[in-house]
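In our numbering, the protein residues as written are 11 to 428.
Using N, Cα and C, we set each Cβ at its ideal position, and we do this for glycine too.
Predicted model only: the values in this text are computed from it and were never measured.
Heads up, the thing below is written out as structure tokens.
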């Protein structure tokens with residue numbers, strides 16, 4: 011696989027750890043595509059209230075934020091790969107609990123949301139740190155592009171397969187089957203993690219220092235504001251769109267069809283962006299992607315139909331890779347050129363995730379307020395019209411990021427440390 015990937019990319023040498031991290035990321039993506047797409051629908055069918063699902067997703071992002079802080083400390087004291095395993099284990103516990111609770115799962119929304127948030131926190135903290143350590147500037151776009159390919163491929167086959175099974179099996183049997191398959195995939199990911207080289211860190215946990223650094227290292231401050239805006243959109247859109255597809259059609263297979271079409275488009279665009287987009291065009295790609303993502307919202311805001319949702323899905327699936335691949339690579343490059351980047355890489359990732367999840371928390375909180383004030387029918391569209399601007403506004407903050415050597419007088423000593 012290593013030789014195949016290097017031949018396809020036509021780029022620099024690909025390491026074994028990079029391949030393993032890609033495979034683990036692919037297993038995670040496939041498991042999430044199979045099951046997590048339908049968890050919100052599964053719980054909504056038991057509750058029937060958007061507000062309950064908002065509370066569940068709020069629990070997810072709040073516990074994810076808190077777990078990032080703890081996971082960062084453990085990553086400095088224990089090992090990043092061990093933290094990755096903890097994340098996958100908690101995700102496995104989440105799916106086991108959903109299976110165990112069955113039709114009573116809707117009564118434990120906050121417990122389930124907390125378990126999922128803890129799993130996400132451990133997993134993404136370690137995955138992002140390992141991405142930073144395992145990839146180099148010349149392989150980051152390749153890694154992010156091919157991870158996007160795996161995510162898109164998972165999004166093609168996962169929801170459609172799961173939707174087909176759920177539709178053609180009795181009552182909740184299909185749900186239990188796909189949740190069980192996801193549990194097995196997470197366990198496989200734990201096993202594969204033992205083949206990644208141990209990566210322990212020394213030193214103290216200087217979270218406050220890296221948080222304060224945003225005032226001196228301007229590029230760091232700009233990318234953190236952009237990350238907050240990223241979370242502002244993601245917090246609500248990540249579950250509302252899937253629920254809208256189900257509410258509009260009443261069919262799990264329709265969700266799978268939506269995922270198949272949207273992810274098929276995303277699959278092609280992720281390959282093209284990862285393979286051909288040059289670093290010099292990153293900012294322009296982020297600008298175009300952000301504008302298209304925001305404009306697409308108005309296709310579905312005030313008139314819902316499955317056709318409109320499909321059109322929306324196709325457009326955003328083409329725009330997301332255009333924005334995310336260069337944006338994530340730019341984020342890691344900013345960190346890589348930061349003060350004591352090698353020593354403080356854990357803290358940089360934790361602070362970044364704190365800003366993203368703060369945006370998600372604010373996003374869901376705003377959505378809940380709009381639902382309380384105006385009801386679901388009016389409140390949700392107006393909330394999404396505001397929150398959806400997050401990705402478009404990212405460019406406002408990243409446009410002035412300069413990664414050239416040297417800094418202005420009075421700023422921190424910005425140098426690349428790896």
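Heavy atom of the ligand HEM within 8 Å of residue i beta-carbon
i: residue 100; result: The ligand content of the structure shown is nil, which means the ligand HEM is not present either.
Per-residue DSSP class, three states only, for residue i
i: residue 409; result: coil
i: residue 349; result: coil
i: residue 216; result: coil
i: residue 296; result: helix
i: residue 337; result: helix
i: residue 398; result: coil
i: residue 425; result: Its pLDDT being 33, under 50, residue 425 is placed unreliably in this model, and the value from its coordinates should be taken loosely. Residue 425 falls in the coil class under three-state DSSP.
i: residue 288; result: coil
i: residue 38; result: helix
i: residue 310; result: coil
i: residue 10; result: Any answer about residue 10 is impossible in this case: the structure gives the chain only from 11 up to 428.
i: residue 146; result: coil
i: residue 357; result: helix
i: residue 61; result: helix
i: residue 77; result: helix
i: residue 166; result: helix
i: residue 204; result: coil
i: residue 227; result: coil
i: residue 25; result: coil
i: residue 113; result: helix
i: residue 241; result: helix
i: residue 182; result: coil
i: residue 89; result: coil
i: residue 124; result: helix
i: residue 276; result: helix
i: residue 261; result: coil
i: residue 30; result: helix
Anticipated Cβ contact below 8 Å, residue i with residue j, distance rounded
i: residue 319; j: residue 254; result: 7 Å
i: residue 66; j: residue 122; result: 7 Å
i: residue 355; j: residue 366; result: No, residue 355 and residue 366 are not in contact; Cβ-Cβ is about 17 Å, not under 8 Å.
i: residue 159; j: residue 280; result: 5 Å
i: residue 70; j: residue 127; result: 4 Å
i: residue 45; j: residue 176; result: At roughly 11 Å, the Cβ-Cβ gap does not stay under 8 Å, so residue 45 and residue 176 are not in contact.
i: residue 172; j: residue 48; result: 6 Å
i: residue 94; j: residue 137; result: 6 Å
Environment of residue i [buried if 16+ CB atoms lie within 10 Å]
i: residue 74; result: buried
i: residue 190; result: exposed
i: residue 26; result: exposed
i: residue 312; result: exposed
i: residue 339; result: buried
i: residue 386; result: exposed
i: residue 102; result: buried
i: residue 262; result: buried
i: residue 178; result: exposed
i: residue 388; result: exposed
i: residue 52; result: buried
i: residue 341; result: buried
i: residue 225; result: exposed
i: residue 114; result: exposed
i: residue 420; result: A caution first: residue 420 carries a pLDDT of 33, below 50, which makes its placement in the model unreliable, though a value can still be read off. Residue 420 is exposed by the Cβ-count criterion.
i: residue 363; result: buried
i: residue 30; result: buried
i: residue 291; result: exposed
i: residue 58; result: exposed
i: residue 110; result: exposed
i: residue 352; result: exposed
i: residue 192; result: buried
i: residue 244; result: buried
i: residue 412; result: exposed
i: residue 373; result: buried
i: residue 347; result: buried
i: residue 409; result: exposed
i: residue 145; result: buried
Interface flag, residue i vs chain D, CB-CB below 9 Å
i: residue 46; result: Of the protein chains in this structure there is only one, and it is not chain D.
Query raised in the report: Would you call the segment 237-257 and the segment 281-299 touching, i.e. three or more CB-CB distances under 8 Å?
Result: No: the two stretches stay apart, fewer than three of their Cβ pairs being nearer than 8 Å.
Query - the segment 290-305 contacting the segment 329-340, beta-carbon criterion three pairs below 8 Å - result: Taking 8 Å as the limit for Cβ pairs, the verdict is that the segment 329-340 does touch the segment 290-305.
Query - At least three beta-carbon pairs within less than 8 Å, the segment 262-277 to the segment 316-331 - result: Taking one beta carbon from each stretch, the segment 262-277 and the segment 316-331 have 3 or more pairs nearer than 8 Å; the two touch.
Query raised in the report: How about the segment 74-84 and the segment 129-141: do they share at least three Cβ pairs that are nearer than 8 Å?
Result: Touching, per the Cβ criterion.
Query raised in the report: If we count Cβ pairs, one from each stretch, closer than 8 Å, do we get three or more for the segment 167-176 versus the segment 86-93?
Result: No: the two stretches stay apart, fewer than three of their Cβ pairs being nearer than 8 Å.
Query raised in the report: Would you say the segment 366-381 touches the segment 392-401, given that touching needs at least three Cβ pairs under 8 Å?
Result: With a cut-off of 8 Å, the segment 392-401 and the segment 366-381 count as touching, because enough Cβ pairs lie within range.
Query raised in the report: Between the segment 196-203 and the segment 95-109, do three or more beta carbon pairs fall short of 8 Å?
Result: Cβ pair count under 8 Å is three or more, so yes.
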